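Student: Under numbering that gives the first Met the number 0, the first residue of the sequence shown carries the number 0, and numbering increases by one thereafter.
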Amino acid sequence: MEADLVLAPVDGSDNAAEAFEYAVAVAERYDAAIHVLFVLGEEVSRRVQDGTIDRETVAETTGAAVEPLRSRLAETDLVSTHSAAYGYSTERLTRHPGSVIVEVAEQLSADFVVLPREPVTGDPQAAIEKAAQHVIAHADQPVLSV
Numbered sequence: 000m001e002a003d004l005v006l007a008p009v010d011g012s013d014n015a016a017e018a019f020e021y022a023v024a025v026a027e028r029y030d031a032a033i034h035v036l037f038v039l040g041e042e043v044s045r046r047v048q049d050g051t052i053d054r055e056t057v058a059e060t061t062g063a064a065v066e067p068l069r070s071r072l073a074e075t076d077l078v079s080t081h082s083a084a085y086g087y088s089t090e091r092l093t094r095h096p097g098s099v100i101v102e103v104a105e106q107l108s109a110d111f112v113v114l115p116r117e118p119v120t121g122d123p124q125a126a127i128e129k130a131a132q133h134v135i136a137h138a139d140q141p142v143l144s145v
């Protein structure tokens, strides 16, 4: 198998941070680049869309949450990029974390996706913990769910 780009969706949860480590290992194994996708949870997505929280605040918070991952990537020789996406939409009912991850994987032409498994913790930050089954069923790439 060849992989040029590994997609690592995260949401600030401990489970996503653990899955991120696996994504780093896969990227190192295949000498691939890694893209960190921060998926915003339902509450934050709705608050941005209804205007009760501004995008700059969300960008700062997301940047702070991704900083430890960037620091970890700085310890490697991996080429990395990152982005953020709303995991939910008040205008598009079919938008949920699983569909967002699959969509971004397709847009980036990712070769591999690594995300946390589905133990639902109830953590309000954990936007992607229910996404694994959808991503496994709908992604064209190999998916590692840890």
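Glycine included, each C-beta is placed from N, C-alpha and C at the ideal position.
On a predicted model such as this, the values are computed, not experimentally measured, just so you know.
(1) Which same chain residues end up closer than 7 angstroms to Val103 when comparing Cβ atoms and leaving out the 5 residues on each side of it in sequence?
(2) Could you check the C-alpha separation between Ser82 and Gln132 for me, to the nearest Å?
(3) Does at least one heavy atom of the ligand FMN sit under 7 angstroms from the Cβ of Asp53?
(4) Buried or exposed for Ala73, going by 16 or more other Cβ atoms inside 10 Å?
(5) Look at Ile100 and Val112 and say whether their C-beta atoms are less than 8 angstroms apart.
(6) Measuring only the C-alpha atoms, how far is Glu59 from Ala138?
(7) Going along the chain, which residues of its own chain have a beta-carbon closer than 6 angstroms to the beta-carbon of Ala64, five neighbours each way excluded?
(8) Assuming Ser108 is part of the beta strand (DSSP E), what are its boundary residues?
(9) Which runs of the alpha helix (DSSP H) spanning at least 4 residues fall entirely within the segment 51-85, listed in chain order?
(10) Under 8 angstroms between the Cβ atoms of His34 and Ala130?
(11) Distance check for Val43 and Thr61, CA to CA, integer angstroms please.
Tutor: According to the structure data:
(1) Leu6, Leu36, Ala84
(2) 22 angstroms
(3) Although the ligand FMN was asked about, the structure shown includes no ligands whatsoever.
(4) exposed
(5) yes
(6) 30 angstroms
(7) Gly11
(8) No beta strand (DSSP E) holds Ser108; DSSP gives it neither H nor E.
(9) 54-73
(10) no
(11) 11 angstroms
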